[in-house]
Amino acid sequence: MPHRILVTGGAGYIGSNTTLQLLDAGYEVVVADNLSRGHEAAVPPGLLRVVDMHDTERLFNILQAEQIDAVIHFAAYIAVGESMKLPEVYFYNNVAGSLSLIRAMLRADVKKIVFSSTAAAYGMPSRSPIPESEPSAPINAYGESKVMVERLLDWFDQLHQLRSVRLRYFNASGADPACRAGEDHEPETHLIPLLFRAIETGQPVTLFGDDYPTPDGTCIRDYIHVTDLAQAHISALESLFAGGPSATYNVGTGAGYSVREVLDAVEAVTGRKVPHVIGPRREGDPPALVADSTRLRTELGWAPRHSDLKTIMATAWAWAQRAHK
Ligand code: UDP
1465 MPHRILVTGG AGYIGSNTTL QLLDAGYEVV VADNLSRGHE AAVPPGLLRV VDMHDTERLF
1525 NILQAEQIDA VIHFAAYIAV GESMKLPEVY FYNNVAGSLS LIRAMLRADV KKIVFSSTAA
1585 AYGMPSRSPI PESEPSAPIN AYGESKVMVE RLLDWFDQLH QLRSVRLRYF NASGADPACR
1645 AGEDHEPETH LIPLLFRAIE TGQPVTLFGD DYPTPDGTCI RDYIHVTDLA QAHISALESL
1705 FAGGPSATYN VGTGAGYSVR EVLDAVEAVT GRKVPHVIGP RREGDPPALV ADSTRLRTEL
1765 GWAPRHSDLK TIMATAWAWA QRAHK
């Protein structure tokens, strides 16, 4: 019997890509999403249950009726800037919503969860690449909300044997190579889709600072293809199904690219110039965030396959052109 997985937030960017890959890998999937930020069209027909994470009773009923074996929990708000204006909304949605889901899981005796965490857990890290041993010290409410859920998961592991794998994503990017799913946020805050938009609209994109202590003065990030990210969730599930322990893993390539290098790569793949201006630094942006993913590679046998900048750009551009048609 194939394992049955509940994917919360499966109508979002990473959730919809992971759902497709789970189906490709032979899992059975049910998606739980309140569609507040996600897109119904991103979910394959018949899989979507429109439900809010605060509705513990309904989540319990879904877990039980659908005979769910494990949960992958993406449902959350993700905009760092918004989290600093509306922290109460972020803690309510991301922390209280997760606690509600966990309570439903405990009641339904579902004891395996893969949790969508973030490099924002590290705040301003003291080194790069960053290993998981770097202390959690978030500097925004979004990152704090994710760390709070990681801590909840520690307690439920200890007290209720709820096993969890927490994946700390670096910069999710790219689109499904078959162009079935991709990034579609509104408002969009992420660099790569904004560079494409600037090409399409002619409106310049602002590069946030060129006076950082990096070789070209712009921030360095670790861009990980969403398909590789989705695969990390499947590796995490396999580990849990094999009886593996709770664990935390960075998901990145270990290679950092500057904002200017990303812009150059967009120009190379599109053959067009990106209109841009240099603006001030964005508050809370560390100069460099690069993952040390050795633990994920050695313990779960994961390796990125689509995360060279060219493949990221080619798939993201194909998706951007298709999505805007
Ligand atoms: N960035 C930028 N202009 C934008 C959006 C982002 O220069 O309009 C920079 C941002 O400062 C960071 C990098 O691009 O150094 C990646 O930012 P993004 O918001 O995509 O992801 P984050 O690193 O915040 O998760």
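Numbering (the working numbering), first residue to last: 1465 to 1789. Every residue, glycine too, gets a C-beta built ideally from N, C-alpha and C.
Of 1543, 1575, 1496, the smallest CA-CA separation from residue 1584 is found for 1543. Residue pairing from DSSP places residue 1497 in a beta bridge opposite 1514. Looking at the DSSP output, residue 1581 sits in a beta bridge with 1632. The region 1550-1569 and the region 1593-1601 do not touch, with fewer than 3 CB-CB distances between them shorter than 8 Å. Counted as a single uninterrupted DSSP element, the stretch harbouring residue 1506 is not any alpha helix (DSSP H), since DSSP gives it neither H nor E. In the DSSP annotation of this structure, residue 1555 is not part of any beta strand (DSSP E), being labelled neither H nor E.
Residue range 1468-1472 is occupied by the beta strand (DSSP E) that includes residue 1468, with no alpha helix (DSSP H) assigned at that position.
Taking 8 Å as the upper bound for CB-CB distance, residue 1751 and residue 1683 are in contact here, some 6 Å apart.
Judged by the Cβ position, residue 1675 fails to qualify as a neighbour of the ligand UDP at the 7 Å threshold, every heavy atom of the ligand being at least this far. Under the three-state reduction of DSSP, residue 1740 is assigned to strand. Of the candidates 1715, 1628, 1580, 1628 places its Cα closest to the Cα of residue 1707.
By the Cβ criterion, the region 1612-1623 is in contact with the region 1555-1562, since at least three pairs of Cβ atoms, one from each stretch, lie closer than 8 Å. Cβ neighbours of residue 1739 within its own chain (closer than 8 Å, five residues either side excluded): 1662, 1663, 1666, 1667, 1668, 1669. Here residue 1638 really is in contact with residue 1779; their C-beta atoms are around 5 Å apart, less than 8 Å. Boundaries of the beta strand (DSSP E) harbouring residue 1671: 1669-1672, taken from the DSSP string. DSSP places residue 1690 inside the alpha helix (DSSP H), whose first and last residues are 1690-1705. Close CB contacts of residue 1531 within its chain, under the 6 Å cut and outside five residues either way in sequence, are with 1468 (chain order). Residue 1714 is bridged by DSSP to 1632.
Annotation for residue 1515: 1496, 1498, 1522, 1523, 1526 place their beta carbon closer than 7 Å to its own, counting only its chain and skipping 5 residues before and after. Secondary-structure assignment with DSSP links residue 1537 through a beta bridge to 1472, 1579.
Between the ligand UDP and residue 1653, a heavy atom-to-CB distance of less than 7 Å is present. For residue 1670, the shortest separation between its Cβ and any heavy atom of the ligand UDP lies below 7 Å. Taking the Cα positions, residue 1609 is about 22 Å away from residue 1686. Per DSSP, reduced to three states, the secondary structure at residue 1652 is coil, with no helix or strand assignment. In this structure, the C-beta of residue 1746 approaches the ligand UDP to less than 7 Å from one of its heavy atoms. Residue 1755 and residue 1676 have their C-alpha atoms roughly 19 Å apart.
When DSSP states are grouped into helix, strand and coil, residue 1491 belongs to the coil group. Sequence-distant Cβ neighbours of residue 1681 in its own chain, meaning closer than 6 Å and more than five residues away, are 1674, 1675. The beta-carbon separation of residue 1577 and residue 1626, rounded to 7 Å, stays under the 8 Å limit for a contact.
Beyond the five residues adjoining it in sequence on each side, residue 1694 comes within less than 6 Å, by CB distance, of 1481, 1482, 1485 in the same chain, given in chain order.
The closest CA to that of residue 1720, considering only 1703, 1753, 1488, 1704, is found on 1753.
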